[in-house]
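Visitor:
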Amino acid sequence: MNAILMVCLGNICRSPMAEAALRYHAEKAGVAISVDSAGTAAYHIGKAPDIRGQQVVLHNADTDMSHYKARQVCAEDFDRFDIIYAMDIQNLRDLENMRPEKSKAKLFLLREELGQSQSVADPYYGEISDFETVWTQLSAACEAIIRKY
Ligand code: 4NP
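When we follow our numbering, the leftmost residue of the sequence shown carries the number 5, and every step to the right adds one.
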């Protein structure tokens, strides 16, 4: 079974939503994969996802994220996961710098799955509509990932 890690900065906005989106599309398609998420920064360790993201995911994917807890990326992640998707270009650079030599995980920018070499914009200082935009982008990218399985 493939193991996929979704990574953003804080692990409270984009990457938990990406984790939920990938699970949602995997379940819908009957694909077995293991999914987790983490942040490059330590600011929000132990916190539940941003309530705005929780609301958007509940509404769009009938998925409760209230039990998710933020964690920071660690060295073992680069061997525990087959693929690590970064939500933005800075996350990707940080992951490349953290990555232990000879580790197994392949690193990609998530929206590359849609042929778009663009970041998923950070909605932290935004509005609920920014979280809706994030969901639309994440859901489309995760659907494209699952189509390949
Ligand atoms: P995330 O969003 O990386 O999508 O979880 C952010 C969460 C927190 C902060 C920035 C982005 N922050 O500066 O605390």
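Built from N, CA and C at the ideal position, the CB exists for glycine as well.
Please read these numbers as outputs of a predicted model, since none were measured by experiment.
Compare the C-alpha of G14 against each of Y89, A148, S123 and N95 and name the closest.
Guide: Nearest C-alpha to G14: N95.
Visitor: I'd like to check one pair, A24 with V77: are the Cβ atoms closer than 7 Å?
Guide: Cβ distance not < 7 Å, so V77 and A24 don't count as in contact.
Visitor: Determine, using beta-carbon pairs with one atom in the region 102-117 and one in the region 135-145, whether at least three such pairs fall under 8 Å.
Guide: Cβ pair count under 8 Å is three or more, so yes.
Visitor: Name the residue from D134, A109, Q141 and V35 whose alpha carbon lies nearest to the alpha carbon of Q122.
Guide: Measuring from the Cα of Q122, the nearest candidate turns out to be Q141.
Visitor: Ignore the nearest five residues each way along the sequence and tell me which others in F112's own chain have a CB closer than 6 Å to its CB.
Guide: Excluding sequence neighbours, F112 sits near Y89.
Visitor: What span of residues does the beta strand (DSSP E) with S41 cover, start to end?
Guide: S41 -> beta strand (DSSP E) spans S38 to G43.
Visitor: Measuring only the C-alpha atoms, how far is G130 from R97?
Guide: Approximately 24 Å, taken between the alpha carbons.
Visitor: Indicate the three-state DSSP secondary structure (helix, strand or coil) for C146 in the structure shown.
Guide: In this structure, C146 counts as helix in the three-state DSSP scheme.
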